[in-house]
Amino acid sequence: MTFNFDSYLPSLFPDCHYSTEQLKGGLVNITVRASRIDSQPSPGPNGRAAVSLPVATERKDCACPRTLILKYAPPFIAAIGEKAPCSQTRQIIEATVLELFGPQGPLDHLNTADRVRIARLINHDPVKSVLVFEDLGRLITLWDLFSPATVYQSSLNPIIIKRHCTNIGHRLGSFYADVHSPDSLSAVRERISESDNTRFLDRTVNSAFNFAVKPILERLQKPGGLDATTAEKLYARVHGDFVREPYPGETCLSMGDFHPGSVLVNPLRDWTNADSQVEVGAIDWEFATVHNGRGANGDMAQFLASFHALLWYLPLGTLTHDMVGWFVKELCQTYATQSGLAEKTGKSKRVATNPAMGLLRSAMILFGRETINQAIDFERDNGSRVPVVEMVKAGAWYLERAGNSVEEMLEPENWAELMKEEMGIMLRLFGIEVQGE
């Protein structure tokens, strides 16, 4: 199923003409950028205006946006087709979230150019299932920035690159710590209507289970190489954490499906000097929720698992590997500090009755689960530079360390192993000291 954006646009902007280009990377929806076409006279043989040629130029007398983004939500996952149905309620959720971050919304103070930008909502057509919103610019996703296929030239100044990578990590860590805060949850619940509140319950949980949870059992055995008994034990932890009721105080406003494609930044060629600021945007809020939303053990663990896989896959000593490492370290440290997790996980507080320890166990399970899923995706999309079995085992390590309970996770022998976390990502996210630092 496709959608004719060119014939749809005149219904919104009858006085303007637009050309459209489909944007790559979208899996769930079909998204295009629309650029306004203005008529500009072309000089004739005597220097006089002859014909009008369509060119994308800025016209101060035109009220139509110069560029904008349109997103069509089919009743299935666009990249898969009708065999993967997906509720169109997801678009109503995204429109609601964009309004929450809008000029009159309770989260507008978080939507700033010096931290993270959220596109302004222009129009939502629930009948046609089309969302129209502000174009944040010709930015690229973090997938594109850190792609294994990208080879950066050694002439780039690593000092400037490091500054910008850490700056992006700091801004995202700060932003999501605030998004996940109790204050944000309270503000959102006070603002949304009862119908909006009901829609937030529609999170396509069945789809998430089928695509992200159910395959883990098989993947632990093949290509993971675990015997059936061990695989079933670890899978039970994944399944149990997915279906459990929320811990007290755990629920927050959550993005619901947070991955490197959810973040936009300037391409590296725009990182001209250490004093310039990279633009950062957060997109694709269609699976956001205020019901059972998870922060550190949801959005952040899922997001960081992709970078865990990248750090496994990228060769040590390459600029791209260093860039990911700088970004991840600052992101985790900032989130741990600003969210308050670092204060809640000190040595004297590492007891089973501490809710933060329950969040850590849950985060480890999701982080391990998504590392396994990313291992499969990386082999499919990038080849097998690193044996997929090694990446699956790296994810399984977190499922093992999580134990069957918080008490089991905190047992001295198991905790000593956990403190050896190879890259220290989960430890940093919770503000726990990393060995060797």
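Per our numbering, the sequence shown starts with residue 172, numbered consecutively. Quick reminder that beta carbons are idealized off the backbone N, C-alpha and C, glycines included.
Return the CA-CA distance between residue i and residue j, expressed in angstroms with no decimal places.
i	j	result
Ala250	Ile201	9 Å
Asn175	Leu194	15 Å
Lys385	Lys404	14 Å
Gly620	Glu584	Nothing about residue 620 can be reported from this structure: the residues present for the chain run from 172 to 608 only.
Arg572	Leu512	20 Å
Asp446	Ser425	32 Å
Glu639	Ala565	Any question about residue 639 goes unanswered here, given that the chain covers just 172 to 608.
Ile240	Glu253	24 Å
Met562	Ala480	7 Å
Glu541	Arg237	39 Å
Asp306	Tyr484	32 Å
Thr443	Leu589	40 Å
Glu265	Arg408	31 Å
Asp455	Gly464	16 Å
Phe549	Ala234	45 Å
Gln473	Ile543	11 Å
Glu579	Asp315	40 Å
Gly427	Asp398	32 Å
Ala227	Gly273	Summary for Ala227: the model assigns pLDDT 45, below 50, so the residue's position carries little reliability; its value from the coordinates is reported in the next sentence. Roughly 27 Å separates the two Cα atoms.
Cys336	Arg440	14 Å
Arg521	Gly595	17 Å
Glu192	Phe304	15 Å
Glu604	Trp568	19 Å
According to DSSP, residue i sits in a beta bridge with which residue or residues?
i	result
Thr435	Reading the sequence as shown, one finds Leu at residue 435 and not Thr. Beta-bridge pairing links Leu435 to Thr312 and Gly452.
Cys287	According to the sequence provided, residue 287 is Val. The question's Cys does not apply to it. DSSP output for Val287 lists Asn282 as bridge partner(s).
Gln193	Val203
Phe304	Ile240 and Leu292
Thr460	Ser425
Phe247	Pro256
His188	Ile208
How should residue i be labelled, buried or exposed, when 16 other C-beta atoms within 10 angstroms of its C-beta is the threshold for buried?
i	result
Asp186	exposed
Phe601	buried
Thr173	exposed
Arg261	buried
Ser477	buried
Val268	buried
Ser355	buried
Asn610	What is shown of the chain runs 172 to 608, which leaves residue 610 out entirely.
Trp586	exposed
Thr524	exposed
Pro225	Only weak support exists for where Pro225 lies, its pLDDT of 44 falling under 50; the value from the coordinates is given anyway. So Pro225 counts as exposed.
Leu198	exposed
Phe429	buried
Ile330	exposed
Asp146	Residue 146 falls outside the range modelled here, since the chain spans only 172 to 608, and no answer is possible.
Val350	buried
Arg288	buried
Lys242	buried
Asn575	exposed
Ala320	exposed
Ser223	Only weak support exists for where Ser223 lies, its pLDDT of 41 falling under 50; the value from the coordinates is given anyway. By the 10 Å Cβ count, Ser223 comes out exposed.
Gln448	exposed
Glu361	exposed
Asn381	exposed
Arg614	Because residue 614 is not part of the residues shown, which for the chain are 172 to 608, the question remains open.
For my contact list, residue i and residue j are in at a C-beta cut-off of 8 Å; report their separation, rounded to the angstrom.
i	j	result
Met528	Met597	Incorrect: roughly 12 Å between the Cβ atoms, too far for contact.
Tyr189	Ser206	6 Å
Pro394	Val560	5 Å
Ala348	Gln509	4 Å
Would you call the region 455-468 and the region 308-322 in contact, with 3 or more CB pairs under 8 Å? no
Is the region 486-502 in contact with the region 341-361, if contact means three or more CB pairs nearer than 8 Å? yes
Inspect the CB distances between the region 296-307 and the region 474-492 and report whether three or more fall short of 8 Å. no
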